[in-house]
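The structure under discussion appears below in the form of structure tokens.
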Amino acid sequence: MNNEVSMEELKWWQKAVFYQIYPRSFADGNGDGVGDFHGMIDRLDYLQELGIDALWLSPHYPSPQHDCGYDVADYTGVAPEYGTLDDFKRFLDGAHQRGIHVILDLVLNHTSDQHPWFIESCSSRDNPKRDWYVWRDGKDGRPPNNWCSFFGDSAWEFDPVTDQYYYHAFLRQQPDLNWRNPEVKRAMWDAVRFWLDLGVDGFRLDAVGTIFEDPALPDHTAEKSLPELHRAFMAASSEGELAQVIEQRKEIFQYQLEQPGLHELMRELRAIVDEYPDRVLVGETDEIAYYGDGTDELHLAFNFPLMKAERITPAWVRANQQGRLTALPPGAWPCNTLGNHDSPRVYSRYGDGQNDEAIARLSLALMLTLRGTPFLYNGEEIGMIDLVLEDISQFRDNLSVWIYHTAVDEFGLPPAEALAYANRFGRDKCRTPVQWANAPNGGFSPAGVQTWLPVNPNYAQGVNVADQLADPDSMLNFYRRMLRVRKQTPALIAGDYTPLHEDAEDYLAFLRRSKADGQTCLVVLNMSNRAHTLRFDLDAHLARLVFSSHARDGDTDDLSQLTIAPFEIYIAEIV
Ligand code: NOJ
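Counting in this note's numbering, the sequence shown runs from 666 upward without gaps.
Laid out in structure tokens, this is it:
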């Protein structure tokens, strides 16, 4: 692993901490219950003071919102409920003026069924855009094959007007584009250039693995059907069992994922992006193959395996880092995250019910001290938790609604149980509005306005920005402090990673050493409720404290007997 490069020589996206904004839920500037660009612009100072360096904006394009914006109806527009293109430009300029980069979500695999391209494609079999999507004849009145959509049921939707089926990897309102048609590429690359010309700093690529399907359309050969696997998925009581079902599920999608052509396409996109100075591509994929040779495909691919655990334990992190860092091609840069708009909130997911706050702080410390670019998710900085919805009418995520109805209609479960599944596997719970103040609607929207998803009432118990800004010990101020520490500590950004005490069950200890910056840091994250006195046999015997989550005596420690408190986050420079 190359650690000869100093912090200064790294690219901005290697040094940056990214923060994901979910536009619908971030800040409501016009008081209509939905987030928007005015709200985002008003909060740019907040973001700058928080100390993040870059924003990833989930889709902001016009969309009928069947999949919360991941069904795009116009790739070069702005959803009217979020504002105008001028508002977007003001937001982008405002971010840039504050030294904050902005990347957009790019949904390549599919469009909305309301996109003019699809409307044309649907209009007749000989429409020039017919081949922009994946149309096939049925077989004896049935879909062309047994493929499933990732969101349940058949992946094929029948169009009675033209008497053919179209393919959709996700919802039926999200028809897949046919990327083998060069006109599709040209149109999408035009959209890419449109945003790059406006000055955006790159893209997060949605669902990259789904872009191509096997053109021969062979039936999948999985033994279990998707509903059977969903049953098993719902019944799974541990992350381990869930992982097994997910493995079996992959067989169902064997011809719909990671098909030939993807890497050539990524290289083509990279070449376009490289025409512009200093832009970045990050893929919604954990496949290391997307790094290409380390320079010719995506700059970053998420280390999703790290987050797929019931609890983040030292052994889990060590095994993950060992596998991931050694597998990266030369020159490739890691990218870590623990939460996003598709997964439970970090605070809820990894907490043990007793030490949730301490564990959430450790989770942040892990993100900011591991080698690689961290991605944080809006609201986690105030310790927002999953919101359990009480009635199916409150759900906005079609996946949850589908889970609910499948549970009731196909599995015959009582509504209360089906609701629990919709909450557990659906994604609304982590998408609720950001809580800005102890005020009606959590200060997101004015009193009396119905927000698009309910606000978590725990804003009244201190889970809100305003209260936490005023409290030096709050989660928010902890985030601010830790983000500052990372920025001021080159080894945490540019340094290599060496695990220490590799058998320790309770704590994770490692070195981050940047030769080029002349700095080595020791990081100890005590993930247990036990204190430990540790001995580190390093070249040097003393460490100068950089950061601790706990009060410590003095700022120099003897490495032959370093005492670490329960749940302590300890970062020190080796002197
Ligand atoms: C991944 C996105 O993160 C998710 O929210 C969306 O539903 C699917 N891709 C389909 O676009």
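Ideal Cβ placement from N, Cα and C applies to all residues, glycine included.
None of the values given here were measured: they were computed from a predicted structure.
Would residue i be called buried (16 or more neighbouring beta carbons within 10 Å of its own) or exposed?
i	result
P637	Any question about residue 637 goes unanswered here, given that the chain covers just 666 to 1240.
N810	buried
Q1126	exposed
S1225	exposed
K794	buried
V826	exposed
T1163	exposed
S1028	buried
E674	exposed
D1168	exposed
H895	buried
E940	exposed
H1206	exposed
G867	buried
Q987	exposed
Residue i and residue j look like a contact to me (Cβ under 8 Å); what is the Cβ gap, rounded to whole Å?
i	j	result
L1148	L715	7 Å
V873	Y798	18 Å between Cβ atoms; not a contact.
P745	P729	Going by Cβ atoms, the distance from P745 to P729 rounds to 12 Å, so no, they are not a contact pair.
V1099	G1044	5 Å
V938	L930	Contact flag wrong, Cβ pair sits at about 13 Å.
A1102	N1121	Actually they are not in contact, since the Cβ atoms of A1102 and N1121 sit about 13 Å apart, beyond 8 Å.
V1150	V1066	With a Cβ gap of about 43 Å, V1150 and V1066 do not count as contacting.
D841	A834	6 Å
A980	E1170	7 Å
H775	Q839	4 Å
T875	L922	6 Å
Q919	H964	At roughly 28 Å, the Cβ-Cβ gap does not stay under 8 Å, so Q919 and H964 are not in contact.
Along the chain, where does the beta strand (DSSP E) that runs through residue i open and close?
i	result
W721	A719 to L722
H761	Per DSSP, H761 belongs to no beta strand (DSSP E); it is in the alpha helix (DSSP H), L750 to Q762.
D770	H766 to L771
E822	W821 to D824
T1198	H1197 to L1199
E1238	I1234 to I1239
D862	Run containing D862: none in the beta strand (DSSP E); it sits in the alpha helix (DSSP H), P847 to L863.
L1227	L1227 to I1229
L1176	Y1172 to S1179
Y832	Q829 to Y832
Y1086	From DSSP, Y1086 is part of no beta strand (DSSP E) but of the alpha helix (DSSP H) over P1080 to F1090.
L870	G867 to L870
Suppose the cutoff is 8 Å on Cβ atoms and the five residues either side in sequence are ignored; what does the same chain contact list for residue i look like?
i	result
H1006	Q685, Y687, S723, C733, Y1042, R1092, C1095 and R1096
N792	E785 and S786
F1232	N1020, A1023, I1024, R1026, L1027, N1191, M1192, S1193, N1194 and S1214
N968	D951, N985, R989, P999, C1000, N1001, T1002 and G1037
V743	F702, H725, Y726, P727, T749, L750, D752 and F753
R983	P1164, E1167 and L1173
E949	R869, L870, D871, A872, V873 and F967
Within the same chain, show all residues whose beta-carbon is closer than 6 Å to that of residue i, passing over the 5 residues directly before and after it, in chain order.
i	result
A1072	L1078, A1083 and Y1086
F898	V910
P1155	M672, S1179, D1182 and Q1184
P808	S819, W821 and Y830
T1221	L1207 and R1209
Can you give me the start and stop residues for the alpha helix (DSSP H) that residue i sits inside?
i	result
Y711	L709 to L715
N1142	M1140 to Q1153
V1130	V1130 to L1134
Q685	From DSSP, Q685 is part of no alpha helix (DSSP H) but of the beta strand (DSSP E) over F683 to I686.
C787	P781 to S788
Y747	Note, Y747: premise wrong, no alpha helix (DSSP H); not H, not E.
S1028	D1021 to T1034
R663	The structure shown has nothing for residue 663, since the chain only spans 666 to 1240.
N1043	Looking at the DSSP string, N1043 is not in any alpha helix (DSSP H), and its letter there is neither H nor E.
T886	It is not in any alpha helix (DSSP H) - T886 carries neither H nor E in the DSSP assignment.
Less than 7 Å between C-beta atoms, sequence neighbours within five positions excluded: which residues of the same chain meet that for residue i?
i	result
N1088	V1053, L1054 and K1094
Q679	W998 and T1038
D1021	Y1012
A1030	M1147, L1190 and I1234
N1106	A1112, V1114, T1116 and V1120
R914	L894
L1064	F816, G1091 and R1092
W860	L769
A1196	T1228, I1229, A1230 and P1231
Flag this pair as touching only if the region 718-735 and the region 767-781 have three or more C-beta atom pairs under 8 Å; answer yes or no. yes
Would you call the region 1113-1121 and the region 698-705 in contact, with 3 or more CB pairs under 8 Å? yes
Three-pair Cβ contact test at 8 Å for the region 902-916 versus the region 973-980: yes
Could you tell me whether the region 703-712 touches the region 758-766, using the rule of 3 or more Cβ pairs below 8 Å? yes
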